[in-house]
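Asker: Protein sequences appear in the order of chains A and B. Going by the numbering used here, 364 is the number at position 3 of the first sequence; the sequence numbering is gapless. Going by the numbering used here, 65 is the number at position 64 of the second sequence; the sequence numbering is gapless. All residues carry an ideal CB built from backbone N, CA and C; glycine is no exception.
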Amino acid sequence: MLGGGCIMQVTINGKPQEIPVGITLGNLLAQKELRPEMLTVELNEVILPREHFDHTRLSPGDSLELIFFMGGGRGR
Amino acid sequence: MTLLLPVEIWQKLLEHSRREKPLEACGILGGTLEQEVYGVAAYYPMNNTEKSSLSFFMDPQEQITIFKVMREKGEELVGVFHSHPHSQAYPSAKDVSMAYYPQALYIILSLEKEASPTIRAFSIVDGVIKEAPIKIC
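#1: Along chain A, which residues have their Cβ under 8 angstroms away from the Cβ of I65(B)?
#2: In whole angstroms, what separates the C-alpha of G375(A) from that of S84(B)?
#3: Excluding the 5 residues preceding and the 5 following F58(B) in the sequence, name in chain order all residues of the same chain whose CB lies nearer than 6 angstroms to its CB.
#4: Which two residues bound the contiguous alpha helix (DSSP H) that contains F123(B)?
#5: Kindly indicate which three-state DSSP category L400(A) falls into: helix, strand or coil?
#6: Skipping 5 residues on each side, what residues in its chain have a beta carbon closer than 6 angstroms to that of F123(B)?
#7: For E394(A), name the three-state secondary structure that DSSP assigns.
#8: Identify which residue in I125(B), F82(B), E113(B), Q89(B) has its Cα closest to the Cα of Y101(B).
#9: Please report how far the alpha carbon of E9(B) lies from the alpha carbon of Q392(A), in whole angstroms.
#10: Just checking my contact of I29(B) with I65(B) at CB under 8 angstroms: how many whole Å lie between their CB atoms?
#11: On the criterion of 16 or more Cβ atoms from any shown chain inside 10 Å, does M431(A) qualify as buried, or is it exposed?
#12: Can you give me the Cβ contacts of M362(A) inside the same chain, cut-off strictly under 8 angstroms, excluding the 5 residues immediately before and after it?
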């Protein structure tokens, strides 16, 4: 954790990033303009249910994987 | 924008698609992207959780695992692959609606004519489809 200030370091998709201390996952996604219904989030190797996003507060050193769904097909 | 596809990976895509027929096969292509040349280095066949001949959806946990493998190998996401067992190799409305990786190509293999399968690659950005030539090398 960086000394003082209002930011902390986490890892997102393998890359270190600085984010506000105490931010929730829901707010982080909103800041990044990522719609929760399009993606899966793994936090510290555990996939989080979407309904947990808004009350999951992130901590220094957290490791996140944010991936968009992959789907499609010919359809009807 | 060009997709460089090694012949051995083309063979893997074809074999996977034929194995899964009549269901749609799907997978992830890893490799390099330099100045609009997409170089495929590896194919990761994925489980189609929908088990459908009309649609595919990859398991997110499996997807995360593969993304981590690709990252360790220094590979970028080059393409999202799926087969159309009974229709042409062109993005459907559903394909376009779920094209969430604008930096990747969307590769479709058609087995509509079993004896002469076709494969095509497309960029899909903000709903706009542009075909990318494939060089099998």
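Answerer: This is what the structure holds:
#1: T401, E403, I408, E426, I428
#2: 30 angstroms
#3: Same-chain partners within the cutoff: T50, E51.
#4: Here F123(B) belongs to no alpha helix (DSSP H); instead the beta strand (DSSP E) covers 119-126.
#5: strand
#6: Taken in chain order, the residues that qualify are P92, Y107, I130, E132.
#7: coil
#8: I125(B)
#9: 42 angstroms
#10: The pair is not a contact, with the Cβ atoms about 11 angstroms apart (cut-off 8 angstroms).
#11: Its Cβ being crowded by 16 or more others within 10 Å, M431(A) is buried.
#12: For M362(A), the pLDDT reaches just 46, beneath the cut-off of 50, and the residue's location in the model is therefore unreliable, although a value from the coordinates is still provided. Annotation for M362(A): M369, Q370, P421, G422 place their beta carbon closer than 8 angstroms to its own, counting only its chain and skipping 5 residues before and after.
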